[in-house]
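Respectively, the protein sequence lines represent chains A and B.
For the first sequence, this note's numbering begins at 425 and goes up steadily by one.
For the second sequence, this note's numbering begins at 425 and goes up steadily by one.
Protein chains: 2
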Amino acid sequence: MSIRYALLGLLAKKPQTGYDLFHTFKTQHIYFWSSTHSQVYKELGKMEEDDLTTFDVVYQEGSPNKKIYTITPKGERQLIQWLIHEESKPAKIKDEFLIRASAFHVISKEEAITLVRKMKKHNQNIVQGTQLWKDQSFQTAPPPYDHIGDYLTAEFGIRYAKMYIEWCDWAINEISKIPN
Amino acid sequence: MSIRYALLGLLAKKPQTGYDLFHTFKTQHIYFWSSTHSQVYKELGKMEEDDLTTFDVVYQEGSPNKKIYTITPKGERQLIQWLIHEESKPAKIKDEFLIRASAFHVISKEEAITLVRKMKKHNQNIVQGTQLWKDQSFQTAPPPYDHIGDYLTAEFGIRYAKMYIEWCDWAINEISKIPN
DNA sequence: CATCCCATGTAAAAAGTTACATGATTTG
DNA sequence: CAAATCATGTAACTTTTTACATGGGATG
Numbered sequence: 425m426s427i428r429y430a431l432l433g434l435l436a437k438k439p440q441t442g443y444d445l446f447h448t449f450k451t452q453h454i455y456f457w458s459s460t461h462s463q464v465y466k467e468l469g470k471m472e473e474d475d476l477t478t479f480d481v482v483y484q485e486g487s488p489n490k491k492i493y494t495i496t497p498k499g500e501r502q503l504i505q506w507l508i509h510e511e512s513k514p515a516k517i518k519d520e521f522l523i524r525a526s527a528f529h530v531i532s533k534e535e536a537i538t539l540v541r542k543m544k545k546h547n548q549n550i551v552q553g554t555q556l557w558k559d560q561s562f563q564t565a566p567p568p569y570d571h572i573g574d575y576l577t578a579e580f581g582i583r584y585a586k587m588y589i590e591w592c593d594w595a596i597n598e599i600s601k602i603p604n
Numbered sequence: 425m426s427i428r429y430a431l432l433g434l435l436a437k438k439p440q441t442g443y444d445l446f447h448t449f450k451t452q453h454i455y456f457w458s459s460t461h462s463q464v465y466k467e468l469g470k471m472e473e474d475d476l477t478t479f480d481v482v483y484q485e486g487s488p489n490k491k492i493y494t495i496t497p498k499g500e501r502q503l504i505q506w507l508i509h510e511e512s513k514p515a516k517i518k519d520e521f522l523i524r525a526s527a528f529h530v531i532s533k534e535e536a537i538t539l540v541r542k543m544k545k546h547n548q549n550i551v552q553g554t555q556l557w558k559d560q561s562f563q564t565a566p567p568p569y570d571h572i573g574d575y576l577t578a579e580f581g582i583r584y585a586k587m588y589i590e591w592c593d594w595a596i597n598e599i600s601k602i603p604n
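Dropping the structure here:
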């Protein structure tokens, strides 16, 4: 159900299309929310039925028409209610790499280290990308309060990926220490 | 599909019941894998059909009977194949708190700080618990190679929760800096 | 000339959650 | 004496993913 609030939170910043919303999940929100375009479009449909959003159609020549969704006062009320009064359920994480790591005992130390090295590289790319986006997006630190959310979560993403990199270094070192 | 490999990885360590496996997800693996008992039992049934596991029934007086699952050679082969040769798909995270954080602009600075403080406390409890478990579980660092998985992922959990705590402190400070 | 970007949606399948169902023993 | 632990499972439901469907314009 919280995909609904994720979308309302984004629409509370500015009116947007489903495409825009999905794009934000895919790029900026990967550290804490994952979704697909089909889910976004479906939920937007339901939200409109429940009067949490309205939309205007923008007809475009050459490219497909757009539906620009706007949050309604009812939508805003429900968002704030959820934000403050509902307990945050514990995060649900599905990290395939760590499942692999938890089973390293079935492969050799060398193969395990190879997998960790690959993961390290992956996270180095992520840090770079997010840092770049953050630097370009925020001139002042901290930014004005209406951009606080993106600022806080971008920093979380960078810290998360950096922690992952440091853990990879540590893990490679620990694995290497174990005698054959 | 990777619940299957998560279970195979655990069974590769030692034969266990569905109850044991679920318990491990719930306690040690919360940082990177979430599941429910109904899903575990269902998947164990399917895995047995596919000859990846076998089970022995242990009849108990006073308490319910147990099914102790053991991984088969076929199961081990498939686990190793998956571990080494399949690419790790990017982690999928659903963190309700960070969804809230991304929408802090719709509530006051004070309310936002209250939410962050609560999250900080939550993660402090987690660090304590995991650190305790890790200290009790591993006498030597690094442990023998057949326990490397738990050792590595427990450390990941601790680092993750500590990173979260530090981010909370940073976030509270940044929010406070913003003028009204 | 292939692939990516824009832009929206539907259908089917898979994965995951919640509730129902049982019941003795242990702990606070 | 209420709640938690052990122990397994099914049924109904919700959520999520993958594939199908379309098509012009821009980029390399």
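Positions of the beta carbon are idealized from the N, C-alpha and C atoms, including for glycine.
Contacts between Lys516 (chain A) and chain B, judged by CB atoms closer than 7 angstroms, involve Ser458, Lys518 in chain order.
Lys490 (chain B): member of the beta strand (DSSP E) spanning 490-495, first to last residue. Thr538 (chain A) and Leu507 (chain B) have their C-alpha atoms roughly 12 angstroms apart.
Annotated three-state conformation of Phe479 (chain B) is strand, per DSSP. Beta-bridge annotation (DSSP): Lys518 (chain A) is paired with B:Lys516. The stretch 494-579 of chain A is shown to contain whole beta strand (DSSP E) runs of 3 or more residues at 516-518, in chain order. The beta-bridge partner set that DSSP reports for Trp594 (chain A) is empty. Shown here, Gln463 (chain A) sits in a helix according to DSSP, grouped into three states. Interface flag for Phe580 (chain A) against chain B is set, since a Cβ pair is found closer than 8 angstroms. With respect to chain B, the C-beta atom of Pro488 (chain A) has no partner C-beta closer than 8 angstroms.
Under the Cβ criterion of 8 angstroms, His529 (chain A) is counted among the residues facing chain B. The Cβ atoms of Ile550 (chain A) and Ala585 (chain A) lie closer than 8 angstroms to each other. Classified as exposed, Gly486 (chain B) has fewer than 16 neighbouring CB atoms from the shown chains inside 10 Å of its CB. Relative to Ala565 (chain B), the option among A:Leu432, A:Gln452, A:Lys490, A:Ala595 whose CA is nearest is A:Ala595. Within the stretch 533-551 of chain B, the residues whose Cβ lies closer than 9 angstroms to any Cβ of chain A are, in chain order, Lys533, Glu535, Ala536, Thr538, Leu539, Val540, Lys542, Met543, His546. Here the alpha carbon of Ile582 (chain A) sits roughly 43 angstroms from the alpha carbon of Ile492 (chain B). Between Ala536 (chain A) and Lys518 (chain B), the C-beta spacing is not below 8 angstroms. Beta-carbon to beta-carbon, His546 (chain B) and Gly573 (chain A) are separated by about 20 angstroms, too far to satisfy the 8 angstroms threshold. Contact annotation: in the stretch 442-472 of chain B, residues whose CB is within less than 8 angstroms of a CB in chain A are His453, Ile454, Tyr455, Phe456, Trp457, Ser458.
Thr577 (chain B) counts as buried, since no fewer than 16 other beta carbons sit within 10 angstroms of its beta carbon. Trp457 (chain A) has B:Lys518 as its beta-bridge partners, per DSSP. Note on geometry: alpha-carbon atoms of Lys450 (chain B) and Ser459 (chain B) lie some 7 angstroms from one another.
In this structure, Leu476 (chain B) lies away from Thr448 (chain B), with their beta-carbon atoms at least 8 angstroms apart.
Listed along chain A, the residues sitting closer than 7 angstroms to Ala595 (chain B) by beta-carbon distance are Leu576. If you look at Gly433 (chain B), you'll find it in the alpha helix (DSSP H) that goes 426-435.
Leaving aside the five residues that flank Tyr465 (chain A) on each side, the residues in its chain whose CB is nearer than 6 angstroms to its CB run, in chain order, Gly442. Within chain B, the C-beta atoms nearer than 7 angstroms to that of Tyr584 (chain A) come from Met587, in chain order.
Linking Arg541 (chain B) to Ile599 (chain B) through their CA atoms gives a straight-line distance of about 12 angstroms. Per DSSP, the unbroken alpha helix (DSSP H) holding Lys450 (chain B) starts and ends at 442-451. For the 8 angstroms CB-CB criterion, Trp591 (chain B) and Phe456 (chain A) do not form a contact. Taking C-beta separations shorter than 8 angstroms and ignoring five residues to either side along the sequence, the partners of Ile589 (chain A) in its chain run Lys544, Asn547, Gln548, Val551, following chain order. Any Cβ of chain B closer than 8 angstroms to the Cβ of Ser561 (chain A) would place that residue at the interface, and such an atom is absent.
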